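Heads up: the structure comes next, in structure tokens.
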Amino acid sequence: MNEKISSYPIDGKYGKYGGRFVPEVLMEAITGLEKAYTAAKADPEFQRKLDYYLAEFVGRPTPLYLAENLTRKLGGAKIYLKREDLAHGGAHKINNTLGQALLAKRMGKARVIAETGAGQHGVATAIVCAALGLKGIVYMGTEDCERQRLNVYRMRLLNTEVYPVDSGSKTLKDSINEAFRDWVTNLESTYYLIGSTMGPHPYPMMVRDFQSVIGKEIKQQFKAKTGGLPDALVACVGGGSNAMGTFYPFEDDTEVKLYGVEAAGEGIASGRHSATLAAGSEGVFHGMYTYVLQDKHGQIAETHSVSAGLDYPGVGPEHSFLKTIKRAEYVYADDKEAVDAFLMLCKEEGILPALESSHALAHAIKLAPTMRKDQSIVVTLSGRGDKDVETIAKVTGAKI
Amino acid sequence: MNTIKTVFEKQKQLGYGCLVAYITAGDPTPERTPEIADALIRGGVDILELGLPFSDPIADGPTIQNASLRALKSGTTPKRVLEITGEIKAKHDIPLVIMTYYNPVFKYGTERFLAEAKAVGVDGFIVPDLPVEEAADYLEAAAKAELDTIFLASPATSRERLERIVAASSGFLYLVSRFGVTGAQTDVADATVELIRKVQPFTAGKVALAVGFGISRPEHVRRVVAAGADAAIVGSAFINIVAANQPDMLRELEEAASALKAATKT
Ligand SMILES: Cc1ncc(COP(=O)(O)O)c(C=O)c1O
Numbered sequence: 000m001n002e003k004i005s006s007y008p009i010d011g012k013y014g015k016y017g018g019r020f021v022p023e024v025l026m027e028a029i030t031g032l033e034k035a036y037t038a039a040k041a042d043p044e045f046q047r048k049l050d051y052y053l054a055e056f057v058g059r060p061t062p063l064y065l066a067e068n069l070t071r072k073l074g075g076a077k078i079y080l081k082r083e084d085l086a087h088g089g090a091h092k093i094n095n096t097l098g099q100a101l102l103a104k105r106m107g108k109a110r111v112i113a114e115t116g117a118g119q120h121g122v123a124t125a126i127v128c129a130a131l132g133l134k135g136i137v138y139m140g141t142e143d144c145e146r147q148r149l150n151v152y153r154m155r156l157l158n159t160e161v162y163p164v165d166s167g168s169k170t171l172k173d174s175i176n177e178a179f180r181d182w183v184t185n186l187e188s189t190y191y192l193i194g195s196t197m198g199p200h201p202y203p204m205m206v207r208d209f210q211s212v213i214g215k216e217i218k219q220q221f222k223a224k225t226g227g228l229p230d231a232l233v234a235c236v237g238g239g240s241n242a243m244g245t246f247y248p249f250e251d252d253t254e255v256k257l258y259g260v261e262a263a264g265e266g267i268a269s270g271r272h273s274a275t276l277a278a279g280s281e282g283v284f285h286g287m288y289t290y291v292l293q294d295k296h297g298q299i300a301e302t303h304s305v306s307a308g309l310d311y312p313g314v315g316p317e318h319s320f321l322k323t324i325k326r327a328e329y330v331y332a333d334d335k336e337a338v339d340a341f342l343m344l345c346k347e348e349g350i351l352p353a354l355e356s357s358h359a360l361a362h363a364i365k366l367a368p369t370m371r372k373d374q375s376i377v378v379t380l381s382g383r384g385d386k387d388v389e390t391i392a393k394v395t396g397a398k399i
Numbered sequence: 000m001n002t003i004k005t006v007f008e009k010q011k012q013l014g015y016g017c018l019v020a021y022i023t024a025g026d027p028t029p030e031r032t033p034e035i036a037d038a039l040i041r042g043g044v045d046i047l048e049l050g051l052p053f054s055d056p057i058a059d060g061p062t063i064q065n066a067s068l069r070a071l072k073s074g075t076t077p078k079r080v081l082e083i084t085g086e087i088k089a090k091h092d093i094p095l096v097i098m099t100y101y102n103p104v105f106k107y108g109t110e111r112f113l114a115e116a117k118a119v120g121v122d123g124f125i126v127p128d129l130p131v132e133e134a135a136d137y138l139e140a141a142a143k144a145e146l147d148t149i150f151l152a153s154p155a156t157s158r159e160r161l162e163r164i165v166a167a168s169s170g171f172l173y174l175v176s177r178f179g180v181t182g183a184q185t186d187v188a189d190a191t192v193e194l195i196r197k198v199q200p201f202t203a204g205k206v207a208l209a210v211g212f213g214i215s216r217p218e219h220v221r222r223v224v225a226a227g228a229d230a231a232i233v234g235s236a237f238i239n240i241v242a243a244n245q246p247d248m249l250r251e252l253e254e255a256a257s258a259l260k261a262a263t264k265t
């Protein structure tokens, strides 16, 4: 490999991963999307608009906070938190929905569709649709609608329609299937706003680029504070967008270790988990060649995690690539470790992390004591945990 | 032995277009698929597509989604689909095509699956989520196994890509009639007729042109054949009969096939 790692995708692929495995009717649409995105990226006016909304609407830059209490407690490397929980909407998701919604507007598409599992991407889509005057429609599995009733209501308050999906396992992967079906039916009028670094090219690249604001800010902020680079970056991996956004600006800085943390649910051995890179195998799913959780006949598996946002049987193709070339290390944390990390951050730092982000924290908690005190770890705190307090009460047996 | 090509030629000589039927293998159970195939073939189906069920069929509407779920629940595996295909082929000299999303084939091993399919009498493959741009390995395996590769074209396909798709296609070109997923419709849109007229010059003299998605009634078949299609593909209409699963299901399937076949007369 002669190319810099950051030069991928090359022709839509990250090494052998990625690609465009979609029904014929979508091929022209995704090639058109790639052209439109490339043009927007090169257009200073588009960048100016994006920067304006990121600053004025989303509230960027988000802080890079030294978690002194947690650092002291663990007695090893310094732990910094990249506070995506403080972005408007309470998660990193809006970095991507804002970028893509501006692109949709530029392409003259008035109707925006999206999938959602826990509802975080759905809410982030609803927010930008309302702000930019687009018609938002969000597909959500009936199982998830039931589990995340508040987010369904939130989206409706924001004037987005929520279409319950009753097919298949009635969860995130089925809402993606249904969004694809809507898209092939309403190709002309509709923009499909995918919520993570997944799907056919150019989505994994585009979502990564919009999320890269996370890593760029980390780099600047860390440099301003210390003059150097952090020793390790840690982020949770569902579809992989907050992790890609964190990693990408550091891909060529090979002295910085990258850790992606997947959800091990009730444990890898139990079979009830979402650890695609750790326990999956290569396959073709949702338009991409990547690691997939599947049975021996190539049927996609059902997943489990205490955090709905990590509950996905695929993973962004760039992560499969980084795993294969060993640029990033993929590890996992189970439900219990994530809940413990959640509780620890509440108590030590006065911050409620999302359960998704708690998986990243759980790994940092294991990692810090193995490192020297003059070393530093940056953990991307992808979202805030207010949405998860009912779950925490339930699993810890608390009465509210 | 009949191949896809010879069947198209023969029907043309007789003054007919071809009727291509799609059913999901293993729906409602693997045991019943051969008798469903018998009924359709008795009714006059010229080419049979057997769907290998996949958990996440993004190009399919509710009818085929549910058929896939029923088939998976009843234990239909890729291997079982090959056995079913072999059973049908042993009884009928009719071209059989496997239609499947790419992942089950990839997981089995593309080259191995295609070789085993050939050995049980499969004539060709349709893989709706494998566009020509991603098909190099598959095309190589199909050429080695001497299987037809049936690609899809859609109303959104540009001229440049259409030429590339036709060049990669053998057996027939599967023209998707409209924007949308599979599923029975009440009528054939004027846009579909125009689309067939636009695509036909690209396939003429090269490969047969079959039109599918939404075609469910004899008048639909008449309309697409009159517009210049060499075949009509009917799926959801048959699967709806299977899904209803009435005692006279097989007779209903045979009668439906027979009425649709009669409508292919040119
Ligand atoms: C707070 C939070 N973090 C992480 C994720 C996982 O997504 P990704 O891997 O794309 O960052 C989600 C998804 O809903 C989320 O809401």
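Top to bottom, those sequences are chains A and B.
If you count the first sequence from 1, position 182 lands on 181 in numbering that gives the first Met the number 0, and the numbers rise without skipping.
If you count the second sequence from 1, position 150 lands on 149 in numbering that gives the first Met the number 0, and the numbers rise without skipping.
Virtual Cβ for every residue (Gly too), placed ideally from N, Cα, C.
Here the structure is a predicted model, which means the values were calculated and not measured.
Exercise for review: For residue 180/A, count neighbouring C-beta atoms within 10 Å of its own C-beta (all shown protein chains included) and say buried if the count is 16 or more, exposed if not.
Suggested key: Along the first sequence, read from residue 1 onward, the residue named residue 180/A stands at position 181. By the 10 Å Cβ count, residue 180/A comes out buried.
Review point. My guess is that residue 173/B and residue 151/B are in contact by the Cβ rule of under 8 Å, so how many angstroms apart are they, rounded?
Key: The residue you call residue 173/B lines up with position 174 of the second sequence. The residue you call residue 151/B lines up with position 152 of the second sequence. Rounded, the Cβ-Cβ distance is 5 Å, consistent with contact.
Check your understanding: Can we count residue 356/A as close to ligand 1, meaning its CB is less than 7 Å from some heavy atom?
Key -> Position 357 of the first sequence holds residue 356/A. Checking the Cβ of residue 356/A against ligand 1 gives yes.
Exercise for review: Would you please verify whether the beta carbon of residue 180/A is less than 8 Å from any beta carbon of chain C?
Suggested key: The structure shown contains no chain C; the protein chains it does contain are A and B.
Check your understanding: Ends of the beta strand (DSSP E) at residue 147/B?
Key -> Numbered from 1 along the second sequence, position 148 holds the residue referred to as residue 147/B. Residue 147/B -> beta strand (DSSP E) spans 147 to 149.
Practice item. Report yes if the C-beta distance between residue 352/A and residue 50/A is below 8 Å; otherwise report no. Key: Taking the first residue of the first sequence as position 1, residue 352/A is located at position 353. Taking the first residue of the first sequence as position 1, residue 50/A is located at position 51. The answer is no: Cβ separation not under 8 Å.
Exercise for review: Check whether the Cβ of residue 119/A lies closer than 7 Å to any heavy atom of ligand 3, and answer yes or no.
Suggested key: Absence of ligand 3 from the depicted structure is noted, with ligand 1 being the only ligands included.
Review point. Is there contact between the region 311 to 328 of chain A and the region 247 to 265 of chain A, where contact requires at least three CB pairs shorter than 8 Å?
Key: Put simply, the region 311 to 328 of chain A touches the region 247 to 265 of chain A. At least three CB pairs are less than 8 Å apart.
Check your understanding: When you compare only the Cα positions, how much space is there between residue 273/A and residue 193/A?
Key -> Locating residue 273/A in the first sequence gives position 274, where the first residue counts as 1. Locating residue 193/A in the first sequence gives position 194, where the first residue counts as 1. Approximately 19 Å between the Cα atoms of the pair.
Check your understanding: Going along the chain, which residues of its own chain have a beta-carbon closer than 8 Å to the beta-carbon of residue 67/B, five neighbours each way excluded?
Key -> The residue you call residue 67/B lines up with position 68 of the second sequence. Within the same chain, residue 67/B has close Cβ partners 23, 26, 50, 52, 53, 54, 56, 59.
Practice item. Using only alpha-carbon positions, find the residue among 180/B, 153/B, 147/B that is nearest to residue 167/B. Key: Start at 1 with the first residue of the second sequence, and residue 167/B comes out as number 168. Among 180/B, 153/B, 147/B, the Cα nearest to that of residue 167/B belongs to 147/B.
Review point. Which residues in the same chain as residue 71/B place their Cβ atom closer than 7 Å to its Cβ, once the five residues preceding and following it in sequence are excluded?
Key: Here residue 71/B refers to the residue found at position 72 when the second sequence is read from its first residue. 52, 54.
Point to revise | Opening and closing residue of the beta strand (DSSP E) in which residue 375/A lies | key: The residue labelled residue 375/A in the question sits at position 376 within the first sequence. Residues 375 to 380.
Point to revise | N- and C-terminal bounds of the alpha helix (DSSP H) containing residue 42/B | key: One-based indexing of the second sequence puts residue 42/B at position 43. Where residue 42/B is concerned, the enclosing alpha helix (DSSP H) stretches over 32 to 42.
Practice item. Can you have a look at residue 165/A and say buried or exposed, based on whether 16 or more other CB atoms are within 10 angstroms of its CB? Key: Numbered from 1 along the first sequence, position 166 holds the residue referred to as residue 165/A. Residue 165/A comes out exposed.
Check your understanding: Quick one: what does DSSP say residue 105/B is sitting in, helix, strand or coil?
Key -> For the purposes of this step, residue 105/B is taken as residue 106 along the second sequence, with counting starting at 1. Three-state result, residue 105/B: helix.
Check your understanding: Assuming residue 316/A and residue 300/A make a contact with CB atoms under 8 Å, what is their CB distance in whole Å?
Key -> Walking along the first sequence from the start, residue 316/A turns up at place 317. Walking along the first sequence from the start, residue 300/A turns up at place 301. That belief does not hold up - the Cβ atoms of residue 316/A and residue 300/A are roughly 18 Å apart, past 8 Å.
**Study point:** Uninterrupted beta strand (DSSP E) stretches inside the region 88 to 143 of chain A (no shorter than 3 residues)
**Key:** 110 to 115, 134 to 140
Exercise for review: Name the one or two DSSP bridge partners that residue 232/B has.
Suggested key: Position 233 of the second sequence, counted from the first residue, corresponds to residue 232/B. Its beta-bridge partners are 19/B.
Review point. Excluding five sequence neighbours on each side, which residues of the same chain lie with their C-beta closer than 8 Å to the C-beta of residue 145/B?
Key: Along the second sequence, read from residue 1 onward, the residue named residue 145/B stands at position 146. Correct list, in chain order: 117.
Practice item. For the beta strand (DSSP E) holding residue 284/A, just list the boundary residues, first then last. Key: As a position in the first sequence, residue 284/A is number 285, starting the count at 1. Start and end: 280 to 284.
Practice item. Please find out if some non-hydrogen atom of ligand 1 comes closer than 7 Å to the beta-carbon of residue 28/A. Key: For this step, residue 28/A is matched to residue 29 along the first sequence. Exclusion of residue 28/A from the 7 Å shell around ligand 1 follows from its C-beta lying no nearer than that to any non-hydrogen atom of the ligand.
Exercise for review: Determine which residues of the region 160 to 183 of chain B have a Cβ less than 8 Å from any Cβ of chain A, and write them out in chain order.
Suggested key: 160, 164, 175, 178, 179, 180
Check your understanding: Straight-line CA distance for residue 28/A to residue 207/A?
Key -> The residue given as residue 28/A occupies position 29 in the first sequence. The residue given as residue 207/A occupies position 208 in the first sequence. Taking the straight line joining both Cα atoms gives about 20 Å.
Check your understanding: Between the Cα of residue 282/A and the Cα atoms of 296/A, 32/A, 30/A, which residue gives the shortest distance?
Key -> Residue 282/A sits at position 283 when you count from the first residue of the first sequence. A check of alpha carbon separations from residue 282/A across 296/A, 32/A, 30/A identifies 296/A as the nearest.
Point to revise | Short Cβ contact (8 Å threshold) for residue 359/A with residue 235/A | key: Position 360 of the first sequence, counting from 1, holds the residue named residue 359/A. Position 236 of the first sequence, counting from 1, holds the residue named residue 235/A. Contact: yes.
Point to revise | residue 347/A in three-state terms, based on DSSP | key: Here the question's residue 347/A lines up with position 348 in the first sequence. Residue 347/A: helix per DSSP, three-state reduction.
Exercise for review: Could you run through the region 149 to 168 of chain A and flag, in chain order, every residue whose CB is less than 9 Å away from some CB of chain B?
Suggested key: 166, 167, 168
Exercise for review: May I ask you to check if the CB of residue 309/A is nearer than 7 Å to at least one heavy atom of ligand 1?
Suggested key: Here residue 309/A refers to the residue found at position 310 of the first sequence. Residue 309/A has its CB nearer than 7 Å to a heavy atom of ligand 1.
Point to revise | Per-residue contacts from residue 305/A into chain B (C-beta, under 7 Å) | key: By one-based count along the first sequence, residue 305/A stands at place 306. In chain order: nothing, as chain B lies at least about 24 Å away.
**Study point:** Neighbour flag for residue 362/A against chain B, beta carbons, 8 Å
**Key:** Within the first sequence, numbered from 1, the residue matching residue 362/A stands at position 363. Chain B contact via Cβ: absent.
Point to revise | Residue range of the alpha helix (DSSP H) that includes residue 354/A | key: What you label residue 354/A is simply residue 355 of the first sequence in a count that begins at 1. 354 to 366 is the extent of the alpha helix (DSSP H) around residue 354/A.
Check your understanding: Nearest to residue 29/B by alpha carbon, out of 18/B, 84/B, 1/B?
Key -> By one-based count along the second sequence, residue 29/B stands at place 30. Nearest option by C-alpha distance: 84/B.
Practice item. Would you mind telling me which residues of chain A sit closer than 7 Å to residue 76/B, beta carbon to beta carbon, in chain order? Key: Taking the second sequence and counting its residues from 1, one reaches residue 76/B at position 77. For residue 76/B, the chain A residues whose Cβ falls inside 7 Å of its Cβ are 296, in order along the chain.
Review point. In chain order, what residues of the same chain have a beta carbon less than 6 Å from the beta carbon of residue 20/A, not counting five sequence neighbours either side?
Key: Taking the first sequence and counting its residues from 1, one reaches residue 20/A at position 21. Contacts found: 283, 286.
Check your understanding: Name the DSSP beta bridge partners of residue 234/A, please?
Key -> Working through the first sequence from its first residue, we reach residue 234/A at position 235. DSSP output for residue 234/A lists 259/A as bridge partner(s).
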